[in-house]
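Trainee:
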Amino acid sequence: METKVKSNAATKRTARRSQPGTNEDSNVTTSMVIPELKIENLDLGLISPDPKQPRKSYNELNLQGLADSIKEFGVLQPITVRKSKKEYIIVMGERRFRASKIAGKQTIPSIIREYENNNVLELQIIENLQRQDVEPTEEAEAIAFLREKYTSAEIAKRLGRGEGFVRQRIKLSGLIEGFKRFVRNGKMNLSLGVGVALFEPEDQKMMLETMGKEFNAGQIKRMIENNTYDLSKAPFKVDDKELVPKAGACSLCPFNAINQGSLFGDGKMICTKSACYETKKLKVFLNLIERAKKENRILVPDIRRHWVNQDGNQLIISQMEKEGMTVYLLDDIDILKRPKKPTAKSVKEDYHWKEFTEQELQEELNDAIKDYNEEVRQFNAAEENGFVKGYYFDTGSYKFEKIFVKIEQEEETETTPTTIPIEKRKMEDCTPEEQITKINARELRKKEIENNKQFEEVVKMIRETDYINSKKPLTVDEMVAFSITLFENNIGYFEQQKNFKAFYGKSSNVSREVQVEQFKKNFKKEKLHKLIRFILTKQVHFGESNHINNYTNISFYTAMQGFHKTEIAKIEKAYADKRSEREQRLEKRVAELQKQVKALSA
1 METKVKSNAA
11 TKRTARRSQP
21 GTNEDSNVTT
31 SMVIPELKIE
41 NLDLGLISPD
51 PKQPRKSYNE
61 LNLQGLADSI
71 KEFGVLQPIT
81 VRKSKKEYII
91 VMGERRFRAS
101 KIAGKQTIPS
111 IIREYENNNV
121 LELQIIENLQ
131 RQDVEPTEEA
141 EAIAFLREKY
151 TSAEIAKRLG
161 RGEGFVRQRI
171 KLSGLIEGFK
181 RFVRNGKMNL
191 SLGVGVALFE
201 PEDQKMMLET
211 MGKEFNAGQI
221 KRMIENNTYD
231 LSKAPFKVDD
241 KELVPKAGAC
251 SLCPFNAINQ
261 GSLFGDGKMI
271 CTKSACYETK
281 KLKVFLNLIE
291 RAKKENRILV
301 PDIRRHWVNQ
311 DGNQLIISQM
321 EKEGMTVYLL
331 DDIDILKRPK
341 KPTAKSVKED
351 YHWKEFTEQE
361 LQEELNDAIK
371 DYNEEVRQFN
381 AAEENGFVKG
391 YYFDTGSYKF
401 EKIFVKIEQE
411 EETETTPTTI
421 PIEKRKMEDC
431 TPEEQITKIN
441 ARELRKKEIE
451 NNKQFEEVVK
461 MIRETDYINS
471 KKPLTVDEMV
481 AFSITLFENN
491 IGYFEQQKNF
501 KAFYGKSSNV
511 SREVQVEQFK
521 KNFKKEKLHK
531 LIRFILTKQV
541 HFGESNHINN
551 YTNISFYTAM
561 QGFHKTEIAK
571 IEKAYADKRS
581 EREQRLEKRV
591 AELQKQVKAL
601 SA
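And the structure:
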């Protein structure tokens, strides 16, 4: 049975819901009218979900809660369906349909409309995206579908979301299925998911295979960092579109993270296409070779004998030799770089282990300035003293600077060119001194292998003991080890630079063993506390996993009460006030609808 009512602005708005107290199983159907629309109580057996519906997941607990409400009050808002042969297909309201079946209902109030196929899917997508509990990967796929028709700004306006949110979801849609399942089960947060999605599917598959079956956030972060490049440190201009014409300018490239929203922080330009970045670096190097040849300058790569066999250095050496250039290693030449004038700050950095009084600092600065003046004199008189012009090339960054070069005159044989490492020569082709070096290098490698096996054996032995069940308080050594573990495996490069820049202290010129000993010597529990607090702020989840249904979030929310109780209370009050206002408006609206029900039933 159906009822038609004259339409007006008020009833048009109220047609979106039926009223509390409506008996869905009765023969009396109450309808609010939208032009050319009617509400009917349709048999649930005549209705089917849309197989193309973009929403795939439903919270069973929430569905049961809705079913309980429907048992008591009925369906407060009719579903929307379209006719399809002998049945009806759901356009909007599958959750109400499912809950009605659970509640044991026979019929459900329905609005019947006609749609074109594309319009149906678009309407379903927009309706689903306006919910509060959308699963992020489904949300990403839906927004990506809309992106084929609308701009990011238009989608944001339709959904009432920020454009940055839309851009981030579009990027998340590029995540391969193997990683999407980790987002769905909560093991991978959205930030990390978007970071992985920046890479091509083939690269994502390689990352997934490298990680293995067990999800490892720290390992994924390291792989992202190892395959991304900070464009602020690039050896070329990011707006240069002529360096590699096919690639264009980095500033406009879609693989520049800044063009996908602020994924690495505001204003951060991060390249996520390693092949393109390496191609541009190589082009910079080839251009430098041509420039050096044209200006008749010696090109000096930052390579010493014991670094020659590294793959990157071999590439540079072979390219220079291919271009007809002589390769001079740093061991064979003297170079003069333009000296930098010392400051009090630079003196402190050079002597970071020493505490200066103001007088001592000034005396040290005066000595440094004297040395600087002498270096300037030598630099200006370089050509008079047998130096020639050159370029110094950093093999890591591919940046270069002008220098003066003096080549040491040594006899060289054709059988032992300086560019061939000792490791690649036969023992009989080496001098006695080089043979000693070769023997020592072999012994060093054997020790490294033995150390690895020894360490593995120790760890396996400890894992088989009752160590983890020990009742003893943590020792300083254990806290030091835990701090370093947190730092190395859970905090990314950019976060390390931002929040923990001097974590180990300025000791890069010593071995790792010495660094650990120095770290232990200067260790304070505050360092461990800072690491733990930093990780606490990063491990919370947003969206569906909020602070009332997630153990991680609720524990964090509770912990923060001891630090920011007043500020949290203000935020809670603001939301409570909004909720109260909304509930008051809803109560008035429901009261009006109840009056209309009585009037229509009279």
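Just so it is clear: in the sequence shown, position 481 is 481 by the UniProt record's numbering, and no numbers are missing. Virtual Cβ for every residue (Gly too), placed ideally from N, Cα, C. Predicted, not measured: the structure shown is a model, and the values here were computed from it.
Give the DSSP bridge partners of residue 271, in chain order.
Mentor: BP columns for residue 271 point to 229 and 256.
Trainee: Are residue 238 and residue 247 closer than 8 angstroms when you measure CB to CB?
Mentor: In this structure, residue 247 does not lie closer than 8 angstroms to residue 238 by Cβ.
Trainee: Between residue 300 and residue 401, what straight-line distance do the alpha-carbon atoms span, to the nearest angstrom?
Mentor: Cα to Cα, the separation comes out at about 10 angstroms.
Trainee: Residues in its own chain within less than 7 angstroms of residue 67 by CB, not counting five upstream and five downstream?
Mentor: Excluding positions up to five away in sequence, the list reads 99, 102 and 103.
Trainee: Assess contact between the stretch 431–441 and the stretch 307–326, defined as three or more Cβ pairs (one per stretch) separated by less than 8 angstroms. Is contact present?
Mentor: No, the stretch 431–441 is not in contact with the stretch 307–326.
Trainee: Under a three-way DSSP split, which group does residue 390 fall into?
Mentor: Strand at residue 390.
Trainee: Does the Cβ of residue 136 have 16 or more other Cβ atoms within 10 Å, making it buried, or fewer, making it exposed?
Mentor: So residue 136 counts as buried.
Trainee: Kindly identify the DSSP beta-bridge partner or partners of residue 536.
Mentor: According to DSSP, residue 536 bridges with nothing at all.
Trainee: When we look at the beta-carbon of residue 157 and count the other beta-carbons within 10 Å, is it buried (16 or more) or exposed?
Mentor: Under this definition residue 157 is an exposed residue.
Trainee: Going by DSSP, what residues sit across from residue 557 in a beta bridge?
Mentor: Partner(s): none; residue 557 has no beta bridge.
Trainee: I need the straight-line Cα distance from residue 175 to residue 271, nearest angstrom please.
Mentor: Cα to Cα, the separation comes out at about 18 angstroms.
Trainee: Am I right that residue 407 and residue 335 are in contact with their C-beta atoms under 8 angstroms? What's the rounded C-beta distance?
Mentor: The pair is not a contact, with the Cβ atoms about 10 angstroms apart (cut-off 8 angstroms).
Trainee: By a C-beta neighbour count over all protein chains shown, 10 Å radius and 16 as the cutoff for buried, is residue 229 buried or exposed?
Mentor: Buried, because 16 or more other Cβ atoms sit within 10 Å of the Cβ of residue 229.
Trainee: For residue 44 and residue 50, I'd like the C-alpha separation in whole angstroms.
Mentor: Cα to Cα, residue 44 sits roughly 14 angstroms from residue 50.
Trainee: With a threshold of 16 other CB atoms inside 10 Å of the CB of residue 539, please say whether the residue is buried or exposed.
Mentor: So residue 539 counts as exposed.
Trainee: Could you tell me how far apart the beta carbons of residue 163 and residue 153 are, in whole angstroms, since I believe they sit closer than 8 angstroms?
Mentor: Right, the Cβ-Cβ distance comes to about 5 angstroms (below 8 angstroms), so this counts as a contact.
Trainee: Assuming residue 389 and residue 404 form a contact by the criterion Cβ under 8 angstroms, report the distance between their Cβ atoms to the nearest whole angstrom.
Mentor: Confirmed, Cβ separation roughly 6 angstroms.
Trainee: Does the Cβ of residue 603 have 16 or more other Cβ atoms within 10 Å, making it buried, or fewer, making it exposed?
Mentor: With the chain covering only 1 through 602, there is no way to say anything about residue 603.
Trainee: How would you call residue 92, buried or exposed, if buried means at least 16 neighbouring beta carbons within 10 angstroms?
Mentor: That one is buried.
Trainee: How would you write the range of the beta strand (DSSP E) that residue 432 sits in, first residue to last?
Mentor: Per DSSP, residue 432 belongs to no beta strand (DSSP E); it is in the alpha helix (DSSP H), 432–463.
Trainee: Based on the DSSP output, what are the partners of residue 81 in its beta bridges?
Mentor: Answer is 90 and 112, bridged to residue 81.
Trainee: Quick check: the Cα distance between residue 513 and residue 440, rounded to an integer number of angstroms?
Mentor: When rounded, the distance between both Cα atoms is 21 angstroms.
Trainee: Can you give me the C-alpha to C-alpha distance between residue 216 and residue 331, rounded to a whole angstrom?
Mentor: Residue 216 and residue 331: Cα-Cα distance of roughly 43 angstroms.
Trainee: With DSSP as the reference, label residue 334 as helix, strand or coil.
Mentor: Reduced to three states, the DSSP call for residue 334 is strand.
Trainee: Would you grab the beta carbon distance between residue 171 and residue 197 for me? Rounded to a whole angstrom, and I think it's under 8 angstroms.
Mentor: Yes, residue 171 and residue 197 are in contact; Cβ-Cβ is about 5 angstroms, under 8 angstroms.
Trainee: Which same chain residues end up closer than 7 angstroms to residue 368 when comparing Cβ atoms and leaving out the 5 residues on each side of it in sequence?
Mentor: Only 342 and 347 meet the Cβ criterion.
Trainee: According to the neighbour-count rule (16 or more other Cβ atoms, all chains shown, within 10 Å of its Cβ), is residue 193 buried or exposed?
Mentor: Label assigned to residue 193: buried.
Trainee: Taking the CB atoms as reference points, tell me whether residue 244 and residue 279 lie closer together than 8 angstroms.
Mentor: Yes, the Cβ-Cβ distance between residue 244 and residue 279 is below 8 angstroms.
Trainee: State yes or no: is the C-beta of residue 603 within less than 8 angstroms of the C-beta of residue 286?
Mentor: Residue 603 is absent from the model: the chain starts at 1 and stops at 602.
Trainee: Helix, strand or coil for residue 404 per DSSP?
Mentor: Of the three classes helix, strand and coil, the one that applies to residue 404 here is strand, per DSSP.
Trainee: Measure from the alpha carbon of residue 258 to the alpha carbon of each residue in 231, 236 and 467, then state which is nearest.
Mentor: Of 231, 236 and 467, the residue nearest in Cα terms is 231.
Trainee: Based on DSSP bridge pairs, tell me the residues matched to residue 300.
Mentor: Answer is 392, bridged to residue 300.
Trainee: Leaving out five residues before and five after residue 490 in sequence, what residues of the same chain have Cβ atoms less than 7 angstroms from its Cβ?
Mentor: Taken in chain order, the residues that qualify are 218 and 535.
Trainee: So, is residue 269 buried or exposed, given that buried needs 16 or more other C-beta atoms within 10 angstroms?
Mentor: Buried, by the Cβ-count rule.
Trainee: I'd like the list of long-range same chain contacts for residue 281, defined as Cβ closer than 6 angstroms, with 5 residues on each side in sequence excluded.
Mentor: Closer than 6 angstroms at Cβ, skipping near neighbours: 398.
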